[in-house]
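Read the structure below first, then the notes.
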Amino acid sequence: MSKFCALLLLCISLNFSISARDHEPGKTFHVNIAVSGVVTDAQTKEPLTGVSVLVKNSTVGTSTGTNGTFTLDAPENSTLVISSSGYATIEVDVKGQSTINIEISKKAGNLDEVVVVGYGTQRRKELTSAVASVKSEDFTKGFARDAAQLIQGKVAGVSVATTSGSPTATTQISLRGANSILGSSTPLVLIDGIPGALNTVAPEDIESIDVLKDGSAAAIYGTRGTNGVILITTRKRTGGNRPPTLNYDGYVTVQQIARKMEFLDAADYRRLISEGVKGFNQNTNPSQPGYSNLSGTNDEFGASTDWF
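Residue numbers for the sequence shown follow the numbering used here, so the first one is 10 and each next one is one higher.
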C-alpha cells in the first residue's frame, strides 16, 4: 500500500511540473468552444444557405447548410465574420457563447444605384442588359494617359491595351472583338452625350464611366454601337458657396534607346565588303574595280561620321 501511495504521489508531482512548465507567465491561452447557430434574412426571417462563417484573422470557417445552420470550433473570445453575395458583411463577437443566431441584411445600395444608359439613366435593379458602371473612386490608381486606362482591369470583358511603349502611344479598347461592319473593333464613345474619343477628355475631369456591352443596351445607337458603347460623364458643379479649389498633377516621361547597337562606319563597311569579294572570287582582276581604292574617298563629306 505504501508503494502504491508513493507511486501515486510521484505521478501527481510529474504532472504538476509539466503543467507548470507549459503554462509560462505572460502567455494567453484561448479555449476553443463549439459554436452553432442559424443565419437568417433580416427582413424575411428565412434561413439562408451557403453563407460564409469565418473566424476573423484565421483560416477556420464553414458555410451554412440548407436550413441556415452552422457549427464550428472557435476561440471563446474570437470574432465571426459573416458574408454572403448580395448581403452586407457583418462581424459578431463570440464572447463565450455556444449558440449564436445571426441576421444579415441585403445590400440596398447596389440595387438603388443609378446607372447611365442610352439617352438617360436607370436604376440598377431595373436593368435587364449588361451595363457596367465605374465611379471615380473606383478608377485605377496612378498615372492614366487617357480615359481607357481608368477602367483597365475594372470591367469584365473589356480589353485595354497600349499599342507600344512610347510615352505618347495610344490606347486601344475592345469590348466584343472585331465584329463590326465597319471593320473596326473600336467602341462608340460618348462624352456627356456627344460623340468623341477617349484621348479628348482629361482623366481628372471624369466622374463616371459606363460601359454598354450587350446588344440590348447599345441597340438605341444602331450600327454605331455594334462594338459596344462607352458613356463618359464629366464632373459638374456641386453647388453651394464653397471656395474654388485648384488641383495640379505633374507627370514626367523619359524616352530613350533601350539598347544602342554599335554599327560599322563607312570605311569598315567598305573594308569588309572588299574582303568578302576577294574571298569569294580569288581571280580578282582590274575589270572588277568595285571596292579596290575607295578607302577615304568621301570621308571629308562625313561618310564615316558617328551621327549618334
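Even glycine gets a Cβ: it sits at the ideal position worked out from N, Cα and C.
- Note on geometry: alpha-carbon atoms of Val-238 and Gln-106 lie some 54 angstroms from one another.
- Note: Tyr-96 is bridge-paired with Lys-115 in the DSSP secondary-structure output.
- Per DSSP, Asp-155 lies in no beta strand (DSSP E) segment and is marked neither H nor E.
- DSSP, read as helix, strand or coil, puts Leu-81 in strand.
- Restricting attention to Lys-116, Leu-89, Ala-97, Pro-196, the CA atom closest to the CA of Asn-110 is found in Leu-89.
- By the C-beta density criterion, Arg-279 is buried, having at least 16 other C-beta atoms within 10 angstroms.
- Following the DSSP letters along the chain, one finds Leu-197 inside the beta strand (DSSP E) bounded by residues 197 to 200.
- Distance from the Cα of Pro-84 is smallest, within the candidate group Lys-104, Ala-276, Gly-77, for Lys-104.
- The segment 240 to 257 makes no contact with the segment 163 to 171, as fewer than three CB pairs between them are under 8 angstroms.
- Distance between Lys-65 and Asp-147, taken at the CA atoms: about 26 angstroms.
- Assignment of Val-210 by DSSP, reduced to helix, strand and coil, places it in the coil class.
- Partner residues in a beta bridge of Leu-281, as assigned by DSSP, do not exist.
- Closest in C-alpha terms to Glu-112, from the list Gly-46, Thr-149, Val-198, Val-261, comes Gly-46.
- Counting C-beta atoms within 10 angstroms of its own C-beta, Gly-202 has fewer than 16 neighbours from the protein chains shown and is therefore classed as exposed.
- The continuous stretches of beta strand (DSSP E) do not include Glu-55, and DSSP gives it neither H nor E.
- The continuous stretches of beta strand (DSSP E) do not include Glu-146, and DSSP gives it neither H nor E.
- About 7 angstroms separates the beta carbons of Phe-79 and Val-48, which is inside the 8 angstroms limit, making them a contact pair.
- Secondary structure note for Glu-216: its beta strand (DSSP E) is the uninterrupted segment 215 to 221.
- Residue state for Gly-46 is assigned as strand, using DSSP reduced to three classes.
- Annotation for Gly-70: the continuous beta strand (DSSP E) segment containing it runs 70 to 72.
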